[in-house]
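What follows is a short report on a single structure.
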Amino acid sequence: MRRVLVIMMLVFVLVSCTNSHEKMRKELNYGIKELYKGDLTHAIQRFNIVIDMDSTNCEAHLYLGRAYFNQAKYDNAMKEYDAAIRHNPKYGEAFRSRAQLWFVFDNRLKSCEDYLKAESLGVKNLDNYTRHCK
């Protein structure tokens, strides 16, 4: 009887984890669609739902930063890009996005550092940006 109870608990945990992961992925995808449609308010809501479910989700932080960037809320965008990088220091897209923001802040040195880091992490088509950095 005890063995059956343990197995049932394991199945419940696995199912709930899978459902949670699927819900996060679904919310993230909805948020990305909203972002590209230009509905930044709803996109931000979706990304925050994902972050509430998993505060270390670097993709949600990246896209939340992009939504803030599009609203010209640059300090918020920087906070989210920094969080994405903190949670995944090998996330090249986060470095690329932060490099764009450093450019807005007129900090060429930091912009170049992040563009070069993004390039070293495999982000493609950055030649127009990195050729001035080398």
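First residue of the sequence shown? That's 1 in the working numbering, and the numbers climb one at a time after it. Idealized CB from N, CA, C, for every residue including glycine.
- For V123, no alpha helix (DSSP H) segment is defined, and its DSSP state is neither H nor E.
- For I44 and G31, the gap between their C-alpha atoms comes out near 7 Å.
- Per DSSP, the unbroken alpha helix (DSSP H) holding R98 starts and ends at 92-104.
- Linking Y36 to F105 through their CA atoms gives a straight-line distance of about 24 Å.
- DSSP places H21 in the helix class (H, G or I) of the three-state scheme.
- Counting every other CB atom within 10 Å of its CB across the protein chains shown gives A118 a total of 16 or more, marking it as buried.
- Look at A67 here: in three-state DSSP terms it is helix.
- Contact annotation: A77 and L109 have beta-carbon atoms that are not nearer than 8 Å.
- Nearest neighbour of L121 by Cα position, chosen from I85, K134, F69, H132, turns out to be I85.
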